[in-house]
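Novice: My questions will all concern the structure given below.
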Amino acid sequence: MSGPSALDLQTTELELLYSTFDKNDPDVSMQFDAVRRQGLIRVNSRLPEGQQIHFHGSDTKLLPRNTKKLANNGRDEYLLNYLPPVTISFNFQNGYPGTPSNPVPLEFSLQSVWLPQSILARLVSGLNKLADSNPGELILWHFIEFLRNDAVYYTLDCTDRSASTLHLDIEAFYSRYGASAPLTAQQCTEILLMNNDDRLDTEFSVNTWECPVCYESKLGSSCFRFPKCKHVICSRCVRDYFVGVIRDGMMLQPLACLECGEEAGAAEARAVLSSEEFTLYDELQLKRGLSLMQDIAECPRPGCGARVILDDRTLGRCPVCELSFCPQCLFTYHGTAPCLTAEERGRYKLRQEEEWASTKYFYDNCKSCPKCTVPCDKTEGCDKVVCHLCHMVFCWVCLKKLDELENPYDHFRKGACSGKL
1 MSGPSALDLQ TTELELLYST FDKNDPDVSM QFDAVRRQGL IRVNSRLPEG QQIHFHGSDT
61 KLLPRNTKKL ANNGRDEYLL NYLPPVTISF NFQNGYPGTP SNPVPLEFSL QSVWLPQSIL
121 ARLVSGLNKL ADSNPGELIL WHFIEFLRND AVYYTLDCTD RSASTLHLDI EAFYSRYGAS
181 APLTAQQCTE ILLMNNDDRL DTEFSVNTWE CPVCYESKLG SSCFRFPKCK HVICSRCVRD
241 YFVGVIRDGM MLQPLACLEC GEEAGAAEAR AVLSSEEFTL YDELQLKRGL SLMQDIAECP
301 RPGCGARVIL DDRTLGRCPV CELSFCPQCL FTYHGTAPCL TAEERGRYKL RQEEEWASTK
361 YFYDNCKSCP KCTVPCDKTE GCDKVVCHLC HMVFCWVCLK KLDELENPYD HFRKGACSGK
421 L
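According to the numbering used here, the residues represented by the sequence shown are 1 to 421, in order.
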């Protein structure tokens with residue numbers, strides 16, 4: 001009885017790989033075209049726990065959001081946890097994998113966004129040796145394990161795999177491999193930093209963190225990590241705190257980390273707040289910034305609020321509403337006189353309220369005499385009114401002078417005011 005066909009073995013190999021490396025696996029991702037019998041496998045190198053790479057990079061303006069920057073002596077040095085992936089392109093040709101006595105090798109090639117061709121050739125040589133030592137066997141699993149666990153040491157020319165710290169100096173690396181490198185040293189530096197940032201984001205989102213505020217354990221995808229101090233707090237607690245500070249006007253305290261008080265910037269606010277809340281934050285941030293500037297104030301007139309460049313510490317003149325005011329007490333300009341005390345401001349405010357009430361009463365209940373313009377009110381009686389100052393007789397409805405009429409009441413018998421006496 002013959003054994004399974006080559007096609008059956010290839011199908012078994014794919015099923016094994018798909019069952020081992022699911023779609024959310026951060027180290028391995030796969031694609032396969034069943035018609036062409038071709039596929040791609042992206043493999044990320046995996047460092048043993050406790051092992052890290054000290055990376056001496058080229059000059060770059062890129063600011064890493066997660067990658068730790070180390071103290072340096074004139075050159076940028078970073079702590080890398082991950083290197084960019086290597087991609088295996090493979091083709092299931094007829095007969096693969098064959099038998100131990102008559103092996104059919106797997107057709108494959110390697111690609112990398114940053115590795116020089118000379119290093120890729122070294123990795124291909126290592127994979128071929130691995131295939132030669134396992135003739136007639138399904139080999140993709142072994143290839144993946146080799147690239148995950150051994151590729152980093154081939155790349156860094158590392159002979160001591162037990163060392164806690166590996167080193168990658170981009171200048172030395174390019175002096176040796178630059179002729180076959182696909183990128184410049186600066187581009188390579190930026191690729192390595194961005195990849196490390198992205199992988200740290202992925203690592204953060206799938207791990208569980210305890211919020212120091214509510215003490216609940218949550219996945220990183222439901223948490224917020226402050227970029228400067230790296231403290232992790234659940235997104236709900238951060239948002240509740242940010243919204244509370246904004247509602248208080250942000251004048252007493254800025255947005256900050258709840259654990260250490262490190263001030264948060266616009267990027268953190270945008271990541272946590274809704275668009276409406278962020279707009280309000282932006283306005284308050286501008287107002288708070290202006291309040292810290294000695295030569296700029298906000299016009300105190302209600303409904304204006306324009307930014308005013310002060311003439312000096314005692315005088316501001318609004319270019320919009322033309323109000324002259326004192327920047328110290330935010331009342332109208334009072335020259336060399338001292339600012340009002342709290343008690344005086346209270347009495348002044350009371351007078352303003354009384355004046356406003358009087359003005360409102362005038363507009364609601366009084367009319368100006370058509371002769372002397374003094375305000376007159378009418379609490380009762382008919383619409384034939386006599387001014388209490390000049391004694392002019394006039395119509396309360398249309399303000400027409402009635403002194404000229406022989407009988408003032410004739411005005412109310414015809415015309416627009418007929419019947420309105």
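We put the CB at the ideal spot given by N, CA and C, even for glycine.
Does DSSP put Q352 in a helix, a strand or coil?
Specialist: helix
Novice: Taking only the alpha-carbon atoms, compute the straight-line gap between S205 and C223 and give it to the nearest angstrom.
Specialist: Answer to the nearest angstrom: the Cα atoms are 8 Å apart.
Novice: Just how far apart, CA to CA, sit S422 and C234?
Specialist: Here the chain has residues from 1 to 421 only, and residue 422 is not among them.
Novice: Taking buried to mean at least 16 other C-beta atoms within 10 Å of its own C-beta, is C372 buried or exposed?
Specialist: exposed
Novice: Confirm the yes/no value for this check: CB of S58, any heavy atom of the ligand PLP, distance under 7 Å.
Specialist: This structure lacks the ligand PLP, and indeed carries no ligand of any kind.
Novice: Classify V374 as buried or exposed, calling it buried when 16 or more other Cβ atoms lie within 10 Å of its own Cβ.
Specialist: exposed
Novice: Excluding sequence positions up to five away, which residues of its chain have a Cβ less than 6 Å from the Cβ of V238?
Specialist: Within the same chain, Cβ atoms closer than 6 Å to the Cβ of V238 are found at F224 and V272, the five residues on either side in sequence being excluded.
Novice: Who does K68 pair with in a DSSP beta bridge?
Specialist: L79
Novice: Have a look at the DSSP bridge pairing and note the partners of A297.
Specialist: V308
Novice: Could you tell me the alpha carbon to alpha carbon distance between C339 and C329, rounded to whole angstroms?
Specialist: 6 Å
Novice: For a test of the three-state rule: what should DSSP assign to T11, helix, strand or coil?
Specialist: helix
Novice: Compare the C-alpha of G335 against each of R317, E343 and G346 and name the closest.
Specialist: The shortest C-alpha separation from G335 is found at R317.
Novice: Take G178 and list the residues in its own chain whose beta-carbon comes closer than 8 Å to its own, dropping the five residues that flank it on each side.
Specialist: Here the set comprises P116 and A185.
Novice: May I ask which residues mark the beginning and end of the alpha helix (DSSP H) holding E190?
Specialist: A185 to V206
Novice: With a Cβ-Cβ cutoff of 8 Å, do P84 and V113 count as a contact?
Specialist: yes
Novice: On the CB-based measure, 16 or more other CB atoms within 10 Å of its CB, does M1 come out buried or exposed?
Specialist: Because the pLDDT at M1 is just 47, under 50, the model does not fix this residue reliably, and the value given afterwards should be weighed accordingly. Counting Cβ neighbours within 10 Å, M1 comes out exposed, since fewer than 16 surround it.
Novice: Measuring straight from C-alpha to C-alpha, what distance separates L284 and N207?
Specialist: 35 Å
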